[in-house]
Amino acid sequence: MDFLVFQVPMLTIQALLDGLLLGILFALIAYGMALQWGVMNIINIAQGDLVILGGYIAYFMYLYGIHPGWGVIVSPIIMYFVGIGIYKLVINKVVDRDLFISILATFGISILFMQLMNFAFGADVVLANSGYGTTMLFDNSVTLPNSKIFSAVVSIVFAVGLVIYMKRSKLGRAIRATAQNARAAKILGVDTEKVYAATFGINAALCGVAGALISITFTIHPYMGLPYTIRSFMIVIVAGLGNLPGVALSGMGLGIFEEFADYILGTEFRIGSVFLLLVLILVYRRFKLSRKREYLK
Amino acid sequence: MLKNKDLITYLFILIFGLSAPFIFPAFKVQLSILCILIVLATTWNIQGGEMGYNTFGNILFYGLGMYLCASVQVGMFFPLAEWTESGGEKTFVHTPAQFFQGMAAGLIVAAVVPTIVAGLIGYSILGLRGHYFAICTLGLGVAAGEISGGIEIIGAGQGFTTPPFPDVGGLEARGEFFYFLSFFALVFTFITVKAIYSTRFKLILNAIRDNEDKAEAMGIQTMKYKIIGWMVSAFFCGLAGGIMGGLVGYIDSTDVAFDGREMGVFMVLMAILGGKGTLWGPIIGATIFHIFKEGFWTFFLGWQYVALGVLIVVIVIYFPEGLMGWLREKYPEKFGEVVDEKDRKAQVELK
Chain A
407 MDFLVFQVPM LTIQALLDGL LLGILFALIA YGMALQWGVM NIINIAQGDL
457 VILGGYIAYF MYLYGIHPGW GVIVSPIIMY FVGIGIYKLV INKVVDRDLF
507 ISILATFGIS ILFMQLMNFA FGADVVLANS GYGTTMLFDN SVTLPNSKIF
557 SAVVSIVFAV GLVIYMKRSK LGRAIRATAQ NARAAKILGV DTEKVYAATF
607 GINAALCGVA GALISITFTI HPYMGLPYTI RSFMIVIVAG LGNLPGVALS
657 GMGLGIFEEF ADYILGTEFR IGSVFLLLVL ILVYRRFKLS RKREYLK
Chain B
105 MLKNKDLITY LFILIFGLSA PFIFPAFKVQ LSILCILIVL ATTWNIQGGE
155 MGYNTFGNIL FYGLGMYLCA SVQVGMFFPL AEWTESGGEK TFVHTPAQFF
205 QGMAAGLIVA AVVPTIVAGL IGYSILGLRG HYFAICTLGL GVAAGEISGG
255 IEIIGAGQGF TTPPFPDVGG LEARGEFFYF LSFFALVFTF ITVKAIYSTR
305 FKLILNAIRD NEDKAEAMGI QTMKYKIIGW MVSAFFCGLA GGIMGGLVGY
355 IDSTDVAFDG REMGVFMVLM AILGGKGTLW GPIIGATIFH IFKEGFWTFF
405 LGWQYVALGV LIVVIVIYFP EGLMGWLREK YPEKFGEVVD EKDRKAQVEL
455 K
């Protein structure tokens, strides 16, 4: 335990800013999860692995001499088709079934992806150097990599763009209608199968954007997927389905929590504290609901 | 209610189990692991199959048991911190008497402490339902792995070497010792599970699975039974973990003890493959899975996890009822179900 972070105000500001920018990125991934959970009623454990795969696309662009910043355009396009492929192969068989089936099936996909990425890209921790430089604040005592600011801005742009798309476009309307009542939407002529595929594709595309940004700002590694899944799950259950401002807020909250946990408990407990926080949040909500004799379900 | 025919079957299996290490002397370690896998699958089935609470968290008790057994075994005679610090180097050596005493005490602790832990966290965790429970227990297992990987006294990231088998009878004796240990754990588990499945307890678990609210409305204290069920699972998972720690000889936080990616999924997969909610399903599933794993893993050579991922997806999507479920649908008479021929024909026509 080390409370230095609270004793030095600059360190506090540093952790706050880092957490805030990180949290915006988490919120983007969580937004994808909320979308597919709300529309298709599946929980995708492979969410984090889609993020990492998106990251590797940007990393490979970097290796071949293209600026990884373009990854935020290329990665979602490729990931959209990857998402559609996964939907056609696996997800469409688990959509109407028990949620546990979808959890287990996507867990299988997650293991598969993890290992395939390990074979294809190697087990090294890599990052795509964007060369954006850093900004110094408060007399050089707070350092802020420009890539983090870039990632936050891009995340916000994509999230806002998607919200507008969901509100205005025909497909967006169809997706919202299916989320409200799949049967009624079907009766009214919405091709729900197509909507599901598109939803999963959009989710994968969002993961692709987030992954490209993560490969620029942080590091990626084939086995780092599961924490991203758990983070987005946590953000969604805290915010509730269909509550977009809530997703953004709880994402930022989680980012700040993580940065402080990193400083206080030490880096080796960072991931552990995220998972423990999930357990604590679920237990807290369970006790809160049990007073009214209700339960989470 | 043991019938004569059943008794002969059990006797046959018991004799086979006792003589197996002498019939297949080369496969002692594999057979021990099979016993452990069956224990894990059978105890997972208490939650996942009978109670309808799909847990990923039983790995928590398994890993806890593994660390506890090894720690007690070392800590009873030597300073634990120095042992883990020296890593693989053998600065301390257990005499045979010390080893077996330590193992006995360690296994008792490894079984009892997870049971208490299950009892303590049970009230909070088992109040969740459905997928929230599944994700919460998944988080619990991973959190335990990550946190134990940061604790210095049990080896942190570099792992924990369990006491080596003392010099009595060499490799053969080691294999036989761990085989019989795990086989007795298996027999103990089977007898306990069979005993509780023949009481009202099983009916209550099934009632919870089918409709928990109605079960509660009928006056069953569901929470009490859920916690007891979890404690039974935790007891045997801890025991299995303790034995497995000694068998493997090396404990790592995320790759051996709290190995959600392997053991944690294996136990779910085995129970589903055999057919969850049956007594024999997990046992058959574990046997098939283990034979498949040992037989084909070497062919894939590095592609095991890819094969595992594909296997999970295929089993879950195309085979969710498992082997026993499939047999049950095919030959319902054998399972003591009364079949109405007319009803059956009507259903076939509907399909």
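The listed protein sequences correspond, in order, to chains A and B. Using my numbering, the letters of the first sequence correspond one by one to residues 407 to 703. Using my numbering, the letters of the second sequence correspond one by one to residues 105 to 455. Yeah, the Cβ is synthetic: ideal placement off N, Cα and C, and Gly gets one too.
Coil, strand or helix - residue i by DSSP
i, result
"Leu647/A", "coil"
"Thr625/A", "coil"
"Phe264/B", "strand"
"Tyr354/B", "strand"
"Ile255/B", "coil"
"Ile419/A", "helix"
"Glu154/B", "helix"
"Leu90/B", "Because chain B spans 105 through 455 in this model, residue 90/B falls outside it and cannot be assessed."
"Pro125/B", "helix"
"Lys698/A", "coil"
"Arg278/B", "helix"
"Leu232/B", "coil"
"Gly471/A", "coil"
"Gly161/B", "coil"
"Pro218/B", "helix"
"Asp271/B", "coil"
"Arg691/A", "helix"
"Met371/B", "helix"
"Thr512/A", "helix"
"Asn447/A", "coil"
Partners in chain B for residue i, counting only beta-carbon separations shorter than 8 Å
i, result
"Leu459/A", "Under the 8 Å cutoff, chain B gives no residues; its nearest Cβ is about 14 Å from Leu459/A."
"Ile492/A", "Under the 8 Å cutoff, chain B gives no residues; its nearest Cβ is about 10 Å from Ile492/A."
"Val496/A", "Val417, Ile421"
Residues that residue i contacts on chain A, provided the C-beta gap is smaller than 7 Å
i, result
"Arg365/B", "Ile517"
"Ala238/B", "Phe506, Ile509"
"Tyr329/B", "Chain A residues near Tyr329/B: none, gap ~16 Å exceeds 7 Å."
"Pro424/B", "Ile507"
"Val213/B", "Those within 7 Å of Val213/B in chain A number zero; the least Cβ separation is about 24 Å."
Test item: CB-CB of residue i and residue j under 8 Å
i, j, result
"Gly475/A", "Ile622/A", "yes"
"Gln177/B", "Met155/B", "no"
"Gly614/A", "Ser516/A", "no"
"Thr159/B", "Gly167/B", "no"
"Pro628/A", "Met467/A", "no"
"Val496/A", "Ala511/A", "yes"
"Gln521/A", "Gly274/B", "no"
"Gly342/B", "Ala214/B", "yes"
"Thr625/A", "Val532/A", "yes"
"Ala174/B", "Thr241/B", "no"
"Asn609/A", "Gly438/A", "yes"
"Gly253/B", "Glu674/A", "yes"
"Thr296/B", "Val143/B", "no"
"Ile562/A", "Ser508/A", "no"
"Ala464/A", "Ser638/A", "no"
"Ile140/B", "Ile331/B", "no"
"Asn149/B", "Lys380/B", "yes"
"Pro436/B", "Tyr283/B", "no"
"Tyr157/B", "Phe237/B", "yes"
"Ile636/A", "Gly399/B", "no"
"Ile251/B", "Gly678/A", "yes"
"Leu377/B", "Phe393/B", "yes"
Whole-angstrom C-beta distance between residue j and residue i, which should lie under 8 Å
i, j, result
"Ala611/A", "Gly489/A", "7 Å"
"Ile641/A", "Gly631/A", "Actually they do not touch by this definition, with Cβ atoms about 16 Å apart."
"Trp384/B", "Met327/B", "Not quite, the Cβ-Cβ distance comes to about 29 Å (not below 8 Å), so this is no contact."
"Leu351/B", "Val133/B", "7 Å"
"Val221/B", "Leu172/B", "With 8 Å as the limit, Val221/B and Leu172/B do not qualify as a contact, their Cβ atoms being about 10 Å apart."
"Ile258/B", "Phe264/B", "5 Å"
"Val601/A", "Ala580/A", "5 Å"
"Val653/A", "Ala452/A", "In fact, because the Cβ distance is near 20 Å, the residues do not count as touching under 8 Å."
Partner residues on chain A for residue i, Cβ-Cβ distance less than 8 Å
i, result
"Ser228/B", "Val689, Arg692, Phe693"
Within chain B, partners of residue i - CB distance below 9 Å
i, result
"Gly678/A", "Val246, Ala247, Ala248, Gly249, Glu250, Ile251, Ser252, Gly253, Gly254"
"Gln442/A", "In chain order: nothing, as chain B lies at least about 14 Å away."
Check: residue i C-beta below 7 Å from any heavy atom of the ligand COA
i, result
"Asp597/A", "As presented, the structure is devoid of all ligands, the ligand COA included, so that no description of it is given."
Within chain A, the residues that residue i reaches when beta carbons sit closer than 9 Å
i, result
"Ile416/B", "Leu510, Ala511, Phe513, Gly514, Ile515, Ile517, Leu518"
Neighbour list for residue i in chain B, Cβ cutoff strictly below 7 Å
i, result
"Lys499/A", "Ile421"
"Leu682/A", "Ala247"
Would you list, in sequence order, the uninterrupted beta strand (DSSP E) runs of no fewer than 3 residues that lie entirely inside the stretch 528 to 601 of chain A? 540 to 543, 548 to 551
Entirely within the stretch 375 to 455 of chain B and at least 3 residues each: give me those beta strand (DSSP E) ranges in chain order. none
As an exercise, report each continuous alpha helix (DSSP H) stretch of at least 4 residues that is fully enclosed by the stretch 303 to 349 of chain B, in chain order. 304 to 314, 316 to 321
Completely contained alpha helix (DSSP H) runs for the stretch 634 to 689 of chain A, where each covers 4 or more residues: 650 to 671
Alpha helix (DSSP H) runs contained entirely in the stretch 450 to 495 of chain A, provided each spans 4 or more residues: 453 to 469, 477 to 495
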